[in-house]
Amino acid sequence: MTTIPKMSIAIPTHGMENKQFFMKRCLDSLWNQTFQDFEIVVTDNSDDDKIKEICDFYRTGIRYYRNPIKGMAQNTNEAIRKSEGELIKILYLDDFMAHDKALEKIVEKFDGRWLVTGCEHSDTFGKFDKHRPVWNDNIQLENTIGSPSVLTILNGEPLLFDENLTWLLDADLYRRYYDTYGEPIILNDINVIIGVGKHQATHLIPNERKLQENVYIQNKYV
Numbered sequence: 005m006t007t008i009p010k011m012s013i014a015i016p017t018h019g020m021e022n023k024q025f026f027m028k029r030c031l032d033s034l035w036n037q038t039f040q041d042f043e044i045v046v047t048d049n050s051d052d053d054k055i056k057e058i059c060d061f062y063r064t065g066i067r068y069y070r071n072p073i074k075g076m077a078q079n080t081n082e083a084i085r086k087s088e089g090e091l092i093k094i095l096y097l098d099d100f101m102a103h104d105k106a107l108e109k110i111v112e113k114f115d116g117r118w119l120v121t122g123c124e125h126s127d128t129f130g131k132f133d134k135h136r137p138v139w140n141d142n143i144q145l146e147n148t149i150g151s152p153s154v155l156t157i158l159n160g161e162p163l164l165f166d167e168n169l170t171w172l173l174d175a176d177l178y179r180r181y182y183d184t185y186g187e188p189i190i191l192n193d194i195n196v197i198i199g200v201g202k203h204q205a206t207h208l209i210p211n212e213r214k215l216q217e218n219v220y221i222q223n224k225y226v
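Everything in the sequence shown is counted per my numbering, starting at 5 for the first residue and increasing by one.
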């Protein structure tokens, strides 16, 4: 009989500069956790085997899937669909857990359908800009919660990212979770580090696309 893990760590990966470094850093931060009742689900839509090779090296506790469908929302949704744990923790490739008790704190605090946690940003010069999530009633356009990597959701018909979106996909999902289940559990502790820099997919989004998504969101929530 297969035991269902308490948590799935859903890691959507794609082609980016230094992705092997980011993947190893992300996985190392997970293996160092005091809480270990989790599986790792990697959905990879990069064009080579570099992510797969790292997953094969670590092997234990990782389920790797090649996902040919491009798109940040599409790939993250695939990782969510393949997650078998009671809880699903989103963790992007270039992000990582802030300390060894981060997952333990998230699991202890989780109650309901969704939880968001504090984060800190990091680039090649070090860590900066600590952020505590705050709810606001215009969250779909003013994201005061943060990156999807601060999010943990209950499995069992979880809401998925809108695949029409790239720039505002996280803010839109937060709006729909609120409309369906109410405000999130907010954990102000800094438990996730968000990697920032020119490698980020969001840096490649043209301004025209951002404007289009703003109009789309405004029409969606009229």
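A virtual CB, placed ideally from N, CA and C, is assigned to each residue, including glycine. All values derive from a computational prediction rather than experimental measurement.
- Straight-line spacing of the CA atoms in Ile197 and Asn223 works out to 33 angstroms.
- By DSSP's assignment, Phe42 forms a beta bridge with Met11.
- The region 133 to 151 makes contact with the region 184 to 195, as at least three CB pairs between them are under 8 angstroms.
- Relative to Tyr178, the option among Gln144, Asn195, Thr170 whose CA is nearest is Gln144.
- Spanning the alpha carbons of Val154 and Phe165 requires a straight line of approximately 15 angstroms.
- About 4 angstroms separates the Cβ atoms of Ser33 and Phe100, confirming a contact at the 8 angstroms cut-off.
- Under the 10 Å beta carbon count, Val226 is surrounded by fewer than 16 other beta carbons and is classified as exposed.
- Across the structure, Leu163 and Arg85 are spaced so that their CA atoms are roughly 10 angstroms apart.
- Of the other Cβ atoms in all chains shown, fewer than 16 fall within 10 Å of the Cβ of Asn22; this residue is therefore exposed.
- Distance from the Cα of Ile44 is smallest, within the candidate group Arg63, Asp51, Arg29, for Arg63.
- With a beta-carbon spacing of about 5 angstroms, Ile92 and Ala14 fall inside the 8 angstroms limit used to define contacts.
- Nearest in C-alpha terms to Ser151, of all of Asn49, Ile110, Gly199, Glu167, is Gly199.
- If you look at Leu172, you'll find it isn't in any beta strand (DSSP E); DSSP assigns it neither H nor E.
- For the beta strand (DSSP E) assignment, the uninterrupted runs of no fewer than 3 residues enclosed by the region 121 to 152 are, from N- to C-terminal side, 130 to 135.
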